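> Dumping the structure here so I can ask a few things about it.
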Amino acid sequence: MADLLSVTFSALADPTRRAILARLAQGEATVNELAEPFEISLPAVSRHLKVLEGAGLISRGREAQWRPCKLEPERLKTVDDWLSVYRRFWEQSFDKMAAYLKELSAGESDGRAKKKPR
Amino acid sequence: MGARRKSLADNELLIVRTFNAPPSVVFAMWSRAEHMKRWMGPKGFTCPEMAIDLRVGGRYHGMIKSADHGENWFGGVYREIVPDKRLVFTFTWENDGPSAGLETVVTINFEERDGKTIQTFHQAPFRTVERRDGHVGGWSEAFDKQAAYAEKIAKEQAA
Chain R
270 MADLLSVTFS
280 ALADPTRRAI
290 LARLAQGEAT
300 VNELAEPFEI
310 SLPAVSRHLK
320 VLEGAGLISR
330 GREAQWRPCK
340 LEPERLKTVD
350 DWLSVYRRFW
360 EQSFDKMAAY
370 LKELSAGESD
380 GRAKKKPR
Chain W
1423 MGARRKSLAD
1433 NELLIVRTFN
1443 APPSVVFAMW
1453 SRAEHMKRWM
1463 GPKGFTCPEM
1473 AIDLRVGGRY
1483 HGMIKSADHG
1493 ENWFGGVYRE
1503 IVPDKRLVFT
1513 FTWENDGPSA
1523 GLETVVTINF
1533 EERDGKTIQT
1543 FHQAPFRTVE
1553 RRDGHVGGWS
1563 EAFDKQAAYA
1573 EKIAKEQAA
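Here the protein sequences come in this chain order: R and W. If you read the first sequence in my numbering, its first letter stands for residue 270, the second for the next number, and so on. If you read the second sequence in my numbering, its first letter stands for residue 1423, the second for the next number, and so on.
Okay, here's the thing in structure tokens:
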């Protein structure tokens, strides 16, 4: 699972590949159509598509000539889930940090033993 | 499709938060084990184990636990330390589970504002952040957000 996420994230780390995915979010497209907005060669686009396909982010049609590319949203959902778990994790931790900081400063203003961290 | 498209850009995490304490104190929340133990982990978790070797290349290692989820170990290596200002470290879960073994990079900036601290927390998978570090656009955008947020806070305080 972790390996799959690593592969997915490294696929997403490239801005061209993210742009390709954004385009595919609007519907299927051929390699030529995908290459149009970018100043890169068709083989370069094909390499990006291979990475995306390897990460399970897209699939490609069988017809030899066109092989239209299609977004596979399930894998993106995995990324979304991963992020929302981390977001909850840190936000709740920071709530506790804020409460602890309050406790520390209350201790100080009470004139009790200094709890200041440094 | 809206939510899907949003997730394309959101493959990293940015959480900006203001704490009512100076940067030296908020920095110590991360750099000293006895403090980190008091807040690390979501609701319902405690953090009974935390060891910190605060130097570049040094490791930290800790564990959070809850009745429902048992013990969860995590750890990483410090990459950059600017006392009271900035902390960069790797973060990896060591247990089984969906994100176990996946190395991420956490970057935290601490900025003083009227005696409070604006903490800008960023987490991303390793490769993404490597790219971002060499990419001024990405970071300046993050700092713009931070500045806008700080201004908003300042206005609210003045009101």
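Note that the Cβ used here is the ideal one computed from N, Cα and C, for glycine as well. Predicted, not measured: the structure shown is a model, and the values here were computed from it.
State the beta-bridge partners of W/Leu1435 as determined by DSSP.
Sequence index remark: in the second sequence, residue 1435 of chain W carries index 13 (1-based). Partner(s): W/Gln1545.
> Tell me the residue span of the beta strand (DSSP E) that contains W/Phe1513.
Counted from its first residue, the second sequence places residue 1513 of chain W at position 91. Element bounds for W/Phe1513: 1508-1515.
> Nearest chain W C-beta to R/Arg292 closer than 8 Å, yes or no?
In the first sequence, counting from the first residue as 1, residue 292 of chain R sits at position 23. Closer than 8 Å: no.
> Of all Cβ atoms in chain W, is any one closer than 8 Å to the Cβ of R/Ala313?
Taking the first sequence and counting its residues from 1, one reaches residue 313 of chain R at position 44. Chain W contact via Cβ: absent.
> Indicate the three-state DSSP secondary structure (helix, strand or coil) for R/Ser279 in the structure shown.
Residue mapping note: residue 279 of chain R aligns to position 10 of the first sequence, counting from 1. In the structure shown, R/Ser279 sits in a helix (DSSP, three-state: H, G or I).
> At a Cβ threshold of 8 Å, is W/Gly1498 touching chain R?
Walking along the second sequence from the start, residue 1498 of chain W turns up at place 76. Not one chain R Cβ lies under 8 Å of W/Gly1498.
> For W/Asn1442, return the contacting residues in chain R, with the cut-off set at a CB-CB distance below 9 Å.
As a position in the second sequence, residue 1442 of chain W is number 20, starting the count at 1. Result: Ala367, Leu370, Lys371, Ser374.
> Under three-state DSSP, which class holds W/Thr1440?
As a working note, residue 1440 of chain W is residue 18 in the second sequence. Of the three classes helix, strand and coil, the one that applies to W/Thr1440 here is strand, per DSSP.
> Taking Cβ positions only, does R/Ser275 come closer than 8 Å to chain W?
For the purposes of this step, residue 275 of chain R is taken as the residue at position 6 of the first sequence. Yes, its Cβ sits closer than 8 Å to a Cβ of chain W.
> In angstroms with no decimal places, state the Cα-to-Cα distance between R/Leu340 and R/Gly296.
Locating residue 340 of chain R in the first sequence gives position 71, counting from the first residue. Locating residue 296 of chain R in the first sequence gives position 27, counting from the first residue. Cα to Cα, R/Leu340 sits roughly 8 Å from R/Gly296.
> How would you call R/Leu311, buried or exposed, if buried means at least 16 neighbouring beta carbons within 10 angstroms?
Walking along the first sequence from the start, residue 311 of chain R turns up at place 42. The residue is exposed, with fewer than 16 neighbouring Cβ atoms inside 10 Å.
> Would you list the residues sitting across from W/Gly1492 in a DSSP beta bridge?
Counting from one through the second sequence, the residue named residue 1492 of chain W turns up at place 70. For W/Gly1492, which the question treats as bridged, DSSP gives the partners W/Ser1488.
> With DSSP run on the structure shown, which of helix, strand or coil describes R/Leu326?
For the purposes of this step, residue 326 of chain R is taken as residue 57 along the first sequence, with counting starting at 1. Here R/Leu326 sits in coil by DSSP.
> Measuring CA to CA, which of W/Arg1439, W/Arg1454, W/Phe1513, W/Ser1488 is closest to W/Glu1525?
Here the question's residue 1525 of chain W lines up with position 103 in the second sequence. Taking only the C-alpha atoms, the option nearest W/Glu1525 is W/Phe1513.
> Taking Cβ-Cβ distances shorter than 9 Å, what residues in chain W pair up with R/Glu360?
Stepping through the first sequence from its first residue, residue 360 of chain R is reached at position 91. Chain W residues near R/Glu360: Ile1437, Arg1439, Pro1464.
> Check the Cβ-Cβ distances between W/Thr1550 and every residue of chain R, and say whether any is below 8 Å.
Taking the second sequence and counting its residues from 1, one reaches residue 1550 of chain W at position 128. Its pLDDT being 46, under 50, W/Thr1550 is placed unreliably in this model, and the coordinates cannot settle the point.
> If you draw a straight line from the C-alpha of R/Arg329 to the C-alpha of R/Val314, how long is it?
Translated into positions along the first sequence, residue 329 of chain R becomes position 60. Translated into positions along the first sequence, residue 314 of chain R becomes position 45. So the two alpha carbons sit approximately 14 Å from each other.
> Quick check on W/Phe1511 - is its C-beta less than 8 Å from some C-beta in chain R?
On the second sequence, residue 1511 of chain W is found 89 positions in, with the first residue counted as 1. Not closer than 8 Å to any Cβ of chain R, the Cβ of W/Phe1511 fails to qualify, so no.
> Taking a cut of 7 Å between CB atoms, which residues from the stretch 325-347 of chain R lie near chain W?
For the stretch 325-347 of chain R, which is checked against every Cβ of chain W, the residues closer than 7 Å are Pro342, Leu345.
> Between W/Arg1460 and chain C, is there a C-beta pair that is closer than 8 Å?
Annotation note: the requested chain C is absent from the structure, which comprises protein chains R and W.
> Whole angstroms is fine: what's the gap from R/Phe278's alpha carbon to R/Val348's?
To locate residue 278 of chain R, count along the first sequence from 1; it is residue 9. To locate residue 348 of chain R, count along the first sequence from 1; it is residue 79. Answer to the nearest angstrom: the Cα atoms are 8 Å apart.
> Could you confirm whether any beta carbon from chain R is found closer than 8 Å to the beta carbon of W/Phe1543?
Counting from one through the second sequence, the residue named residue 1543 of chain W turns up at place 121. True, the Cβ-Cβ gap to chain R drops below 8 Å.
> Let's see if you can read the secondary structure: which residues bound the beta strand (DSSP E) around W/Val1527?
Start at 1 with the first residue of the second sequence, and residue 1527 of chain W comes out as number 105. Start and end: 1526-1535.
> Count Cβ pairs between the stretch 1460-1467 of chain W and the stretch 351-365 of chain R that sit closer than 8 Å; are there 3 or more?
These segments touch.
> Below 9 Å on C-beta distance, what does R/Glu363 contact in chain W?
Position 94 of the first sequence, counting from 1, holds the residue named residue 363 of chain R. Note on identity: in this sequence residue 363 of chain R is Phe, with Glu being the wrong assignment. The contacting residues are Ile1437, Arg1439, Phe1441, Trp1461, Gln1541, Phe1543.
> Please compile the residues from chain R whose C-beta is within a distance smaller than 7 Å of the C-beta of W/Met1451.
As a first step, residue 1451 of chain W is located in the second sequence; it is residue number 29 there, counting from the start. Ordered by position in chain R, the residues that pass the 7 Å Cβ test against W/Met1451 are Met366.
> Could you give the C-beta distance for R/Leu273 and R/Val300, rounded to a whole number, given that I count them as a contact under 8 Å?
Against the first sequence, residue 273 of chain R aligns to sequence position 4. Against the first sequence, residue 300 of chain R aligns to sequence position 31. At roughly 25 Å, the Cβ-Cβ gap does not stay under 8 Å, so R/Leu273 and R/Val300 are not in contact.
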